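Everything below concerns the one structure shown next.
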Amino acid sequence: MTNLAELSSEWLDWKNTSKPSPATLRARMADLSVIAGLLAVRTGKTAAETTQGLGFLEASDLTEENVTRAFAEYAKAHAPASIRRCRSTWSGFCRWLVVHRKALEANPLEYVEPPAAKRWRPKPISEEDLARVIRAAQTPSSRARKPWAELEQAMCALFVGAGLRISEVMTLRVGDIRRSPTEITKLSVTGKGGVTRTVPLPPEMVAVVDRYLASRLETVGEFRPTDRLLVRADGRAFTPKAVDYMVSGWFRRAGVAPPKGALAHSLRHTYATLLVEQSGSVPEVQRLLGHANLQTTQAYIDVAARGIEETAMANPTRKLLGDTIRQ
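Each residue of the sequence shown is one higher than the one before, counting from 140 in the numbering used here.
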């Protein structure tokens, strides 16, 4: 009988046709491995075998009791979000074993109760705090080894003026800026899942990015359309840690405490919240942010009450109702 190491490898290959991100693939492999180790313990494997659990397990080991006990043990030391993700990985794997390989009669994960998911809420900052952060980003820290004002200004503009994620800012190419003499300049952004969206850029933001590109020519040298848009003073690409360090400096110099668990992402949340307040159009904001699910964008309604109230109060039926009442 085929062991779970071989079966899981087949399943991952099958899932990879959807082109998951490297982080998603690593998470799936880690989820499979950690539960397999706990299952190996449950089924009496030796210490050496439990460290390579998948290779010493078969589909017949995935009983309701074994899987339930393994997840109960896993839950003792892991957060709800990790438990939900791990359960999702194993549920998908076992469903594949049931449907595609006929190796199981039923999905044992149906008996594993996932932790309740907390409702996600955006973490924007106020307009006043945003103004302070933007001002702080205009001048690098006096302690910076290679201060580059134009770079920090451009990065800030991309966060607050286009609502980009850190990963998107890091992977932008020079050629992703699409200019036209008759239309608004647009930015082609590749987001989660490799999905590309187009974000219109206001002239003020284009001016900031152009100043950076002119400065980059002097600081780093010639560049091609395929080169990364934002690079450090030595020409190296940014890492998430380097971006976080720069953004945390803006907050620190502005005297603004970032929301718990959010730093650069709070700027994206603020961008989205302000758009909802101004336009009241959740579908359009969804397109600008690159959200796959409209429900994610709708979460901004709760934190953009002012704009939603103004939109509701602008309803033309108010006059019709008022006329009816006065009759």
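Using N, Cα and C, we set each Cβ at its ideal position, and we do this for glycine too.
No experiment lies behind these values; they were computed from the predicted model shown.
Checklist entry - Taking all protein chains shown into account, do 16 or more other C-beta atoms lie within 10 angstroms of the C-beta of N155, making it buried, or fewer, making it exposed? => result Taking every protein chain shown into account, the CB of N155 has fewer than 16 other CB atoms within 10 angstroms, so this residue is exposed.
Next on the checklist: Counting C-beta neighbours from all protein chains within 10 Å, is the total for R167 16 or more, i.e. buried, or is it exposed?
Outcome noted: Around the beta carbon of R167, 16 or more other beta carbons lie within 10 angstroms, which makes this residue buried.
Item to check | Beta-carbon gap between N142 and R181 smaller than 8 angstroms | outcome: Note that the C-beta distance between N142 and R181 is not below 8 angstroms.
Checklist entry - According to DSSP, is P159 helix, strand or coil? => result P159: coil per DSSP, three-state reduction.
Checklist entry - Who are the near neighbours of L171 in its chain, counting only those whose CB is closer than 6 angstroms to its CB and skipping five residues on each side? => result The residues are S147.
Item to check | Own chain residues within Cβ distance below 7 angstroms of S157, not counting five before or after | outcome: Setting aside the 5 residues that flank it on each side, S157 has no residue in the same chain whose C-beta is closer than 7 angstroms to its C-beta.
Checklist entry - Leaving out the 5 sequence neighbours to the left and right, which residues in its chain are closer than 7 angstroms to A209 when beta-carbon positions are compared? => result For A209, where only same-chain residues beyond five positions count, the Cβ hits under 7 angstroms are I174, L177, L178, R181.
Checklist entry - From E307, R271, A401, pick the residue whose C-alpha is nearest to that of G429; which is it? => result Closest option to G429, judged by alpha-carbon separation, among E307, R271, A401: E307.
Item to check | Validate contact between the region 254-263 and the region 397-413 using beta carbons, cut 8 angstroms, 3 pairs | outcome: Because the criterion of three Cβ pairs below 8 angstroms is met, the region 254-263 and the region 397-413 touch.
Next on the checklist: Mapping the DSSP letters down to three states, classify I447 as helix, strand or coil.
Outcome noted: Note that I447 has pLDDT 48, beneath the 50 cutoff, so the model's placement of it is unreliable and the number below is only indicative. Correct three-state label for I447: helix.
Next on the checklist: On the DSSP bridge list, what partners appear for S327?
Outcome noted: In the DSSP output, where bridge partners are listed per residue, S327 has T337.
Checklist entry - Tell me, which residues are paired with A376 by DSSP? => result Answer is V370, bridged to A376.
Item to check | Selected residue, minimal CA-CA separation from W389, among T329, L236, R274, L352 | outcome: Cα-wise, what sits closest to W389 is R274.
Item to check | Residues that DSSP places opposite R317 in a beta bridge | outcome: Partner(s): K325.
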